[in-house]
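Participant: Under numbering that gives the first Met the number 0, think of the first position of the sequence shown as 0, with each following residue one higher.
Submitted below is the structure of interest, expressed as structure tokens.
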Amino acid sequence: MTTERREPATTADERPMLEDWLEYHRQTLAHKCEGLTDEQLRTASVPPSDLSLMGLVRHMAEVERHWYRKVLAADDPGPIYCSEADPDGDFHPTEADTWQEAHATWQTEIDIARRNSAGVSLDDLAKGRHRSGKQFNLRWIHIHMIEEYARHNGHADLIRERLDGTTGD
């Protein structure tokens, strides 16, 4: 599977521009994971960190769920990979965890995020609240998600290069 990444428009209105950048960063993370085995995707390649590409994808599934379901839509189905026993469970894939499952879960959360934000204006306040108690509008959530993906895509760049020497955007 080859991920097609579309460059964001350079002259779009605010909402399409934010959504284009968010999609671009989602596609970039998928692109960084292409062509690797499950074992490579689970490999924490920069000791002492246990960060892996599969862990990043699982983390972003949790982050998409948190912001677009729990906060934006006030729908809290609970965590996917995290638990009281392992609050960072998203970053700890085991040998039993597969790319197929992690990718499908992530894509499901992205699809739900798109649906939940479709009828909401950028200025609308979320129906739910963040654990801090603060309210956020959709604009802030989109910008935060772009920042979150951009930061983790930088991690993905380094992990991928360490795994097989592949570099580039």
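Don't be surprised by glycine CBs; every beta carbon is placed ideally from N, CA and C.
#1: Please report the residue range of the alpha helix (DSSP H) in which residue 55 lies.
#2: Restricting to Cα atoms, I'd like to know which of 160, 168 and 118 is closest to residue 44.
#3: Note the first and the last residue of the continuous alpha helix (DSSP H) segment covering residue 121.
#4: Taking the beta carbon of residue 101 as the centre, do at least 16 other beta carbons fall within 10 Å, making it buried, or is it exposed?
#5: Assuming residue 52 contacts residue 35 (C-beta within less than 8 Å), just tell me the rounded distance between them.
#6: Ignoring anything shorter than 4 residues or poking outside the region 14 to 42, list the alpha helix (DSSP H) runs there in chain order.
#7: List the DSSP bridge partners of residue 136.
#8: Could you say if the region 61 to 76 and the region 142 to 156 meet the contact criterion of at least three C-beta pairs nearer than 8 Å?
#9: Please state whether DSSP places residue 104 in a helix, a strand or coil.
#10: To the nearest angstrom, how far is the alpha carbon of residue 117 from that of residue 157?
#11: Hey, how far is the Cα of residue 130 from the Cα of residue 86?
Facilitator: Taking the definition as stated:
#1: 52 to 63
#2: 160
#3: Taken as a continuous stretch (DSSP letters only), residue 121 belongs to no alpha helix (DSSP H), as it is neither H nor E.
#4: buried
#5: 7 Å
#6: 37 to 41
#7: 124
#8: yes
#9: helix
#10: 34 Å
#11: 15 Å
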